[in-house]
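S.K.: This is the structure, below, for whatever I ask next.
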Amino acid sequence: MTTTAEEAPEAGVSEGPSSARRSGGVMAAVAAAMTLAIVLGYAFVAVSFTIPSSPTRPAVSAAFAPYFQQRWNVFAPNIMKVNRSLQIQVQWRENGELQRSEWVDVTAAEFSAARGIPTPSRISKNSFNAAQTYLTRYQALSADQRDRVRDTFIRRVNDGAFAPMDPSALLEELDDLGGSRAALVSYLRYDYMLVRFSSAFGSAYVDHDVERVRWRIEHDRPNDFLHRFDTERQTEPSYTTFGWRQPAVAPSDEVQAIYDEVIERYTGR
91 MTTTAEEAPE
101 AGVSEGPSSA
111 RRSGGVMAAV
121 AAAMTLAIVL
131 GYAFVAVSFT
141 IPSSPTRPAV
151 SAAFAPYFQQ
161 RWNVFAPNIM
171 KVNRSLQIQV
181 QWRENGELQR
191 SEWVDVTAAE
201 FSAARGIPTP
211 SRISKNSFNA
221 AQTYLTRYQA
231 LSADQRDRVR
241 DTFIRRVNDG
251 AFAPMDPSAL
261 LEELDDLGGS
271 RAALVSYLRY
281 DYMLVRFSSA
291 FGSAYVDHDV
301 ERVRWRIEHD
311 RPNDFLHRFD
321 TERQTEPSYT
331 TFGWRQPAVA
341 PSDEVQAIYD
351 EVIERYTGR
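Laid out in structure tokens, this is it:
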């Protein structure tokens, strides 16, 4: 039987199935390569975090910790046994007289604001995380340095007023007490951050411009499991108290407005 031109298949039609198979094969290969890369990447990150002596752990931790960090010490065998909270105290002037606030439990205020919320913002742990980090850096100092940093960082100037200690002079004084200079610099940076935070939070809390700040970390050990329902405490809270600091600069109006809103949300006033 003779096939006419009208009945003949158009050019390229017979190549369609073969071309589709080639395209599908390429897509399958790309998908397999991407899957393999993801699996290998996950395995690399998991091994880097799992093996303490891994040389790649610092780099991997620096890259991924802000997004996937997890403190496994909430589980056995390194279960947390002490609750810590950051408490601040501030001073301000009223009619020329220096006033002092009570101790303000910042961590308790943050936790209270998040209570009953199934998915609270991470900012509700702001002061809790700050207390943990600050205490870790404090403990990395030498014994003499720890004694000194629990004192004030304020100096008297010529006219009888007070001012913050010069950062270079403070660093030199503390460095002469021994210990790691890197650990000291790390601590002082966080100390400066807490001065700024306490100043802004305290100014909003007392509704006055704050002149000095100080803080303490409360260590609260709950009763043991067998005594969890006892009304009497087995141990009383203890405190690590740090001396007065004087902010070098006041919080900006923009920053202060943010903390005013925070205090209104936490305290309802």
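Start counting at 1 in the sequence shown, then tack on 90, and there's your number in our numbering.
No residue lacks a Cβ here, since even glycine has one placed at the ideal position from N, Cα and C.
Nearest by alpha-carbon distance to P327: which of R311, T321, Q346, W334 is it?
M.R.: Checked all of R311, T321, Q346, W334; the closest Cα to P327 is R311.
S.K.: Could you tell me which whole alpha helix (DSSP H) segments of length 4 or greater appear in the segment 181–207?
M.R.: Qualifying alpha helix (DSSP H) stretches, in chain order: 196–204.
S.K.: Out of Y132, M255, A273, which one is the CA nearest neighbour of S232?
M.R.: Comparing Cα positions, the closest option is A273.
S.K.: Out of S288, T331, I307, point me to the one whose CA is closest to Y349's CA.
M.R.: Per the Cα distances, S288.
S.K.: My output table needs one value for N216: the three-state DSSP class, helix, strand or coil.
M.R.: DSSP places N216 in helix when its eight states are reduced to three.
S.K.: Under 8 Å, do S191 and Q177 count as touching if we go by C-beta distance?
M.R.: Cβ distance not < 8 Å, so S191 and Q177 don't count as in contact.
S.K.: CB W182 to CB E354, shorter than 8 Å?
M.R.: Cβ distance not < 8 Å, so W182 and E354 don't count as in contact.
S.K.: Measure the alpha-carbon distance for V339 versus L126 and round it to whole angstroms.
M.R.: Their backbone Cα atoms lie some 53 Å apart in a straight line.
S.K.: Spatial neighbours of N173 within its chain, please: C-beta separation below 6 Å, excluding the five flanking residues on both sides.
M.R.: Excluding positions up to five away in sequence, the list reads D310.
S.K.: Along the chain, where does the alpha helix (DSSP H) containing S293 start, and where does it finish?
M.R.: S293 -> alpha helix (DSSP H) spans 271–296.
S.K.: Distance, Cα to Cα, M70 vs D234?
M.R.: Past the edges of the chain, shown from 91 to 359, lies residue 70, and the structure says nothing about it.
S.K.: In this structure, how does DSSP classify E262 when only helix, strand and coil are distinguished?
M.R.: Helix.
S.K.: Which residue or residues does DSSP assign as beta-bridge partners of L176?
M.R.: Partner(s): I307.
S.K.: With H, G and I counted as helix, E and B as strand and the rest as coil, what does DSSP make of F319?
M.R.: Correct three-state label for F319: coil.
S.K.: From T357 to A199, what distance separates their C-alpha atoms?
M.R.: Going by the C-alpha atoms only, they are around 8 Å apart.
S.K.: Excluding the 5 residues preceding and the 5 following L360 in the sequence, name in chain order all residues of the same chain whose CB lies nearer than 8 Å to its CB.
M.R.: Residue 360 lies beyond the residue range present for the chain, which begins at 91 and ends at 359; the question has no answer from this structure.
S.K.: Just to confirm, is the Cβ distance from V239 to A294 under 8 Å?
M.R.: Going by C-beta atoms, V239 is not nearer than 8 Å to A294.
S.K.: A347 lies in the alpha helix (DSSP H); which residues open and close that run?
M.R.: Its alpha helix (DSSP H) spans residues 343–357.
S.K.: Taking all protein chains shown into account, decide if D343 is buried (16 or more other Cβ within 10 angstroms of its Cβ) or exposed.
M.R.: It counts as exposed.
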